[in-house]
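Have a look at the structure below, then the notes.
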Amino acid sequence: QAQLVESGGGLVQAGGSLRLSCVGSRRTFTNYRMSWFRQAPGKDRVLVAASWSGGRTYYADSVKGRFAISRDNAKNKLYLQMNSLKPEDTALYYCNAHPDEAGGPVYWGQGTQVTVSS
């Protein structure tokens, strides 16, 4: 069973930066859309940023200009550089792998907590 494991979360003051990492194991994720989702307490899980295998990226309006998603297919890793963090960025951040071809399994990591203090 393939796995995704996130790291890099923590407590940071508003205006600070964090870099989240996600490493995949037991399979390669080259032909997957790799994404970061987040879920704040009492709220739905929402898409933050996505990276398609062809190079296209997507950012939620709330993080545009502050967050940057990147991937290293050779290392099976996904990153999220988060700058100018705000208290409203506080959430559990999840790594997600969705296959380019329909019908394949979708993978989730266990999440890493990001807390931004004001």
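In this note's numbering, each residue carries its 1-based index in the sequence shown increased by 68.
Here a beta-carbon is modelled for each residue, glycine too, at the ideal position from N, C-alpha and C.
Every value quoted in this text rests on a predicted model; they were computed, and no experiment measured them.
Inter-residue spacing [alpha-carbon to alpha-carbon] between residue i and residue j
i    : j    : result
A128 : N164 : 15 Å
G122 : Y175 : 19 Å
N141 : A82  : 31 Å
S130 : W120 : 20 Å
L153 : K132 : 12 Å
G84  : R124 : 27 Å
Y100 : V80  : 31 Å
C90  : E74  : 4 Å
T98  : N144 : 8 Å
Terminal residues of the beta strand (DSSP E) in which residue i lies
i    : result
L79  : G78 to Q81
V184 : T180 to S185
P167 : A159 to P167
Buried versus exposed call for residue i [16 or more other C-beta atoms within 10 Å across all chains shown]
i    : result
S246 : What is shown of the chain runs 69 to 186, which leaves residue 246 out entirely.
D168 : exposed
R221 : Here the chain has residues from 69 to 186 only, and residue 221 is not among them.
G56  : This structure cannot speak to residue 56, because the chain is shown only from 69 to 186.
V114 : exposed
G77  : buried
Rounded distance between the beta-carbons of residue j and residue i, thought under 8 Å
i    : j    : result
L146 : R106 : About 14 Å separates the two Cβ atoms, so there is no contact after all.
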